[in-house]
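Note sheet for the following structure.
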Amino acid sequence: MHVELLRGAEADLLEVYVRLEEVRPGLGERFYRTLDAAFERLPNYPEMAPVYRGVYRRLVLRPFGFGIFYAIESDRLMVGAILDLRQDPESIERRLSR
């Protein structure tokens, strides 16, 4: 099993990285390392995160307050979004329904 980022999740990752680097140099890199560690664990424990809505599970990246939204398929984990969890829940719902 492997992790695959959909285009929207790739765009999310770039946006988050740039935003965090603007806040404090090195913070985006720290976020990326935290995300990478999560992607290393997920294939071994794909059900470690609770179901969020429908097919999506949500893994919270502490201490950043971002969530990895992913679906389990037969041989891969499809990451649909990487989102700031401090935003309006309806915005998250709209993003995941695309």
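Going by this note's numbering, the sequence shown opens with residue 1, and the numbers climb by one from there.
From the three backbone atoms N, C-alpha and C, an ideal C-beta is built for every residue, glycine too.
Asked                                                                                                                                           : Found
Can you tell me which of D36, R76, E21, V23 puts its alpha carbon nearest to the alpha carbon of M1?                                            : R76
Give the C-beta separation of A9 and G80 to the nearest angstrom, bearing in mind that I take them to be a contact with Cβ-Cβ under 8 Å.        : 6 Å
Taking the CB atoms as reference points, tell me whether G67 and L85 lie closer together than 8 Å.                                              : yes
With distances taken from CA atoms, which of R58, D88, P89 is nearest A38?                                                                      : R58
Which residues in the same chain have their Cβ closer than 7 Å to the Cβ of G20, if we skip the five residues on either side of it in sequence? : Note that residue 20 corresponds to Leu in the displayed sequence, not to Gly. L27, G28, F31.
For D36, which three-state DSSP category applies?                                                                                               : helix
Mind checking which residues open and close the beta strand (DSSP E) that includes Y107?                                                        : What the structure shows of the chain is the stretch from 1 to 98, and residue 107 is not part of that stretch, so it cannot be assessed.
Tell me the residue span of the alpha helix (DSSP H) that contains E4.                                                                          : Premise fails: E4 lies in the beta strand (DSSP E), 2–5, not in any alpha helix (DSSP H).
What three-state label does DSSP hand R57 in the structure shown?                                                                               : strand
Note the first and the last residue of the continuous alpha helix (DSSP H) segment covering R94.                                                : 89–96
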